[in-house]
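> Our numbering numbers the first residue of the sequence shown as 19 and each following residue consecutively. Where is the CB? At the ideal position from N, CA and C, for every residue including glycine. Predicted model, so just to flag it, every value in this text is computed and none were measured.
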Amino acid sequence: MNRKNMPLILMLTAGAVTCVITFIQNYSILGKLVSLLFVLVLFYFLGSVLKWTLDYFERQNQEETEEEEAGEGEEEATEAQSEEGE
19 MNRKNMPLIL MLTAGAVTCV ITFIQNYSIL GKLVSLLFVL VLFYFLGSVL KWTLDYFERQ
79 NQEETEEEEA GEGEEEATEA QSEEGE
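(1) I believe K69 touches M24 by the beta-carbon criterion, under 8 angstroms. Please report the beta-carbon distance rounded to the nearest angstrom.
(2) Does V57 pass the burial test, meaning 16 or more other C-beta atoms within 10 Å, or should it be called exposed?
(3) So, with DSSP's three-state summary, where would you put Y45?
(4) When the Cα of K22 is compared with those of Y62, Q80, G33, which residue comes out closest?
(5) Give the DSSP-derived three-state secondary structure of K22 in the structure shown.
(6) Exposed or buried, which one is T40 when buried takes at least 16 other CB atoms within 10 Å?
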């Protein structure tokens, strides 16, 4: 699965929501910009952590799958050798 753009999409969505909320609440321009900057940085960081975590779990699952496949291949080879010996 492609997760390359996950932090960017999360950050921009949170930024859009922040813009709408600060506009409705009648924040000053400086207040809008400060809150927007804070939200963009925070959600980019959270998106990066989420992406890294999901990639880490996916790598673990792939390694387990490869080990299981290798184990099954060894069992089949052992069975074939024992049948040839009989």
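Straight from the coordinates:
(1) So it is a contact: roughly 5 angstroms between Cβ atoms.
(2) Per the 10 Å Cβ criterion, buried.
(3) DSSP places Y45 in coil when its eight states are reduced to three.
(4) Considering only alpha carbons, the answer is Y62.
(5) DSSP, reduced to helix, strand and coil, places K22 outside both helices and strands of the structure shown, so it counts as coil.
(6) By the neighbour-count rule (16 or more Cβ atoms within 10 Å), T40 is buried.
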